[in-house]
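For reference, the structure discussed in these notes is given below.
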């Protein structure tokens with residue numbers, strides 16, 4: 001890559017993109033979700049560990065299973081969204097490292113070191129959730145990432161008996177722009193950055 005993307009792309013990914021809470025009644029196809037994952041999986045993770053795991057909650061039954069975990073403020077917008085992604089991470093990610101990072105015995109770096117497993121899984125699963133947001137925006141979807149749910153309830157309902165743990169949720173679909181609030185301020189460079 002030797003050149004910057006166009007202003008239109010920057011606008012779609014950042015400048016004009018917003019966090020949505022209201023949704024048009026338009027379906028998000030399974031094919032589009034496959035395309036979304038195929039993009040986000042290419043972005044970097046530590047030792048190519050691909051720590052993130054994603055559950056695309058679409059069906060009425062799956063939404064009902066998610067419902068008890070949601071805070072009151074996130075209930076309506078999540079039930080209305082065409083898809084809600086449970087962004088999770090696999091606490092046994094290192095078992096995939098012989099396949100994903102064959103040039104070294106990377107599994108041995110993690111096996112038995114729970115603090116390193118915890119930090120690495122959480123950090124890289126979070127990164128992959130952010131990649132999902134950018135990939136979704138690139139594919140023309142709107143996003144509504146959020147906390148405001150009970151992780152233990154989600155983990156019991158969706159991940160019992162597995163090594164997956166939930167991190168955050170992202171509502172996906174086609175946002176209802178007429179219901180957006182004005183964009184809140186952001187910190188400027190001097191408040192958030194230093195060049196040393």
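In full-length UniProt numbering, the protein residues as written are 1 to 196.
No residue lacks a Cβ here, since even glycine has one placed at the ideal position from N, Cα and C.
Look at the alpha carbon of residue i and the alpha carbon of residue j, and state the distance between them as a whole number of angstroms.
| i | j | result |
| --- | --- | --- |
| residue 12 | residue 3 | 18 Å |
| residue 94 | residue 53 | 13 Å |
| residue 64 | residue 159 | 16 Å |
| residue 179 | residue 171 | 15 Å |
| residue 97 | residue 106 | 6 Å |
| residue 157 | residue 189 | 42 Å |
| residue 48 | residue 100 | 6 Å |
| residue 181 | residue 22 | 11 Å |
| residue 165 | residue 153 | 11 Å |
Could you please give the first and the last residue of the uninterrupted alpha helix (DSSP H) stretch that includes residue i?
| i | result |
| --- | --- |
| residue 125 | 114-138 |
| residue 108 | 107-110 |
Which residue from the options puts its Cα closest to that of residue i?
| i | options | result |
| --- | --- | --- |
| residue 138 | 121, 126 and 35 | 35 |
| residue 50 | 90, 7 and 28 | 90 |
| residue 176 | 20, 8 and 7 | 20 |
| residue 29 | 173, 196 and 157 | 173 |
| residue 80 | 87, 60 and 16 | 60 |
| residue 10 | 135, 26 and 155 | 135 |
| residue 143 | 151, 44 and 131 | 131 |
| residue 18 | 185, 194 and 195 | 185 |
| residue 124 | 24, 46, 37 and 6 | 46 |
| residue 146 | 57, 74, 68 and 108 | 74 |
What residue does the beta strand (DSSP E) around residue i start on, and which one ends it?
| i | result |
| --- | --- |
| residue 87 | 83-90 |
With C-beta atoms as the reference, is residue i less than 9 Å away from residue j?
| i | j | result |
| --- | --- | --- |
| residue 32 | residue 141 | yes |
| residue 41 | residue 128 | yes |
| residue 259 | residue 66 | Coverage of the chain is limited to positions 1 through 196, which leaves residue 259 absent and any answer about it impossible. |
| residue 122 | residue 151 | no |
Using three-state DSSP, classify residue i as helix, strand or coil.
| i | result |
| --- | --- |
| residue 166 | strand |
| residue 184 | coil |
| residue 48 | helix |
| residue 78 | helix |
| residue 54 | strand |
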